[in-house]
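Quick note on the working numbering: the sequence shown kicks off at 88 and runs consecutively. We treat Cβ as the ideally placed atom computed from N, Cα and C, and that holds for glycine. Note that the structure is a prediction, hence the values are computed from the model and not measured.
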Amino acid sequence: WPLAGSGAAAVCSLVAAAFAASRRARRVSPRRPAAVVDAMVPRRVASTQVIDVATTHAAAATGLSAKEDAEQLCRAGLFDAALRAARSSASTGAAQAAALAGLRRYEEAKEAAAQDSEMLAAIGRLQRQSAGDFDFAEVYGDALAGRRRGGITSFAPCAERPLLPDFADFVGPVEVWRKDKGRGLYAARRVVAGELLMVEWPLVRAMGPASGRVDYPFRLAFQHACATSRRAARASRLLAGGGADPPMAMLEDLGWDREDAEAEVESGLVSPDDERADAIGWTNCFNSFGCSALYPAIAMTNHSCCPNATTVAVGDANFVRANQSILEQEEVCISYFDVLRPYEQRQEETQALRFACACPRCSFEKTLPEVLRTE
């Protein structure tokens, strides 16, 4: 079944939503939800070290070759930095092809892959997925096989990550608009239930939740990423965090499609200070299974206690799918926490997250007798 197909997609969405309701991981960030992980899906490429980027950046200063540097940056998902490193070496065909594919320059990637049939097949798959064509078997096949074997695939160390991401980034019929309550994600046209809205590979991954108390791994990872990748540095300027009203940002500003994504100049590669890095992680990261991950584009979605979209993590990628029909110009919302709770408990949760939820459900339940709001 192709996940992009409306009929099969709706069925898959309902299944994912059912798992989501029962398997939602505990969220630690004050504004972002933990990634909802399908119970069947193994985290095949989850990090077991502080972060790929931090390791790469430190090693580069101690004599890491250009080839090794490019490969580690590809595994870290910093494809703009990987391409710069690959082009400084004459023997980095695979890394250069992977970097170009990560930057969504698929035809150039195929030329760089030359006769590597396995790499060419993977690039072709990513190119197809970038248009929203995700096949059910390729997304869930490994997970279903692991479930039949009676286990979940163990975490893979950073050195064993593939050069290419498992899935391509995809942006469907959604746009970022600014309205009365600030930035948010809105439907650019009518969306049917089950439709795939976004897929994103994490920009930064780190062990441990990105909370204010144990945030050092993410802080270090994000600062190294910003000193290495133009996309990460741009995200540090555009993402919310620290209380100030963030600037307007388009989804293309937060992805790999910007023309300056692989600029050779180092201007703009400025790491945020500790306070700013912590605020970005605390506000935007998804946390689950002891790891935190930053998805800059998906971070544009706001919370609702009656969400019309669901996030499902497949490996390290995050899929956003409509769980009901959404009208054109209607806001797309996800839930930041388990919303199967009484009104008062949900309000306590949102207050801890430093915002007040005024979604239709909360607005209605606020008028109910106290016994109905607390039980």
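Suppose contacts are defined by Cβ-Cβ distances below 8 Å. Is residue i in contact with residue j by that definition?
i	j	result
Phe254	Val278	no
Cys392	Cys449	yes
Gln310	Pro359	yes
Gly429	Thr461	Rather than Gly, the amino acid found at residue 429 in this sequence is Pro. In this structure, Thr461 lies closer than 8 Å to Pro429 by Cβ.
Asn389	Leu381	no
Leu290	Gly259	no
Gly180	Ala199	yes
Asp167	Arg317	yes
Ala336	Val263	yes
Pro304	Gly164	no
Gln411	Ala280	yes
Leu213	Tyr227	no
Ser463	Arg191	A query on residue 463 cannot be resolved here, the shown segment of the chain reaching from 88 to 462 and no further.
Asp365	Arg441	no
Leu170	Gln183	yes
Glu436	Phe451	no
Ser375	Ala400	yes
Phe257	Gly211	no
Gly189	Trp369	no
Arg248	Arg363	no
Thr398	Ile385	yes
Ala185	Leu250	yes
Check residue i in the structure and name its three-state DSSP category.
i	result
Lys266	strand
Thr454	coil
Ala445	coil
Val226	helix
Asn395	coil
Met387	helix
Phe257	strand
Arg292	strand
Gly219	coil
Gly271	strand
Ala185	helix
Ala280	coil
Glu462	coil
Ala327	coil
Ile138	Confidence is the limiting factor: at Ile138 the pLDDT is only 43, short of 50, which leaves the residue's position unreliable, though a coordinate-based value still follows. Coil at Ile138, not helix or strand.
Ala336	coil
Within the continuous beta strand (DSSP E) that includes residue i, where are the two ends?
i	result
Ala404	Ala404 to Ala409
Leu283	Leu283 to Glu287
Ile421	Glu418 to Ile421
Phe305	Careful: Phe305 lies outside any beta strand (DSSP E), inside the alpha helix (DSSP H) at Tyr303 to Thr315.
Phe373	Phe373 to Ser375
For the alpha helix (DSSP H) holding residue i, just list the boundary residues, first then last.
i	result
Ala168	Phe166 to Arg174
Leu483	For residue 483 there is no data in the structure shown, the boundaries of the chain being 88 and 462.
Ala380	Unbroken run through Ala380 is the beta strand (DSSP E), Cys378 to Leu381; no alpha helix (DSSP H).
Arg248	Where Arg248 is concerned, there is no enclosing alpha helix (DSSP H), given that its DSSP letter is neither H nor E.
Gln202	First-last for Gln202: undefined, no H or E at that position.
Glu431	Tyr430 to Ala439
To the nearest whole angstrom, what separates the beta carbons of residue i and residue j, a pair I think is in contact under 8 Å?
i	j	result
Leu187	Glu195	5 Å
Pro383	Leu356	Contact doesn't hold; Cβ gap of about 16 Å is too wide.
Ala404	Asn395	No, Ala404 and Asn395 are not in contact; Cβ-Cβ is about 21 Å, not under 8 Å.
Arg433	Cys444	7 Å
Looking at chain B, is there any beta carbon in it that lies within less than 8 Å of the beta carbon of residue i?
i	result
Ala255	Considering every chain present, this structure includes no chain B. It has just one protein chain.
* Is it true that the stretch 268 to 277 meets the stretch 411 to 421, where meeting means three or more beta-carbon pairs spaced less than 8 Å apart? -> Touching, per the Cβ criterion.
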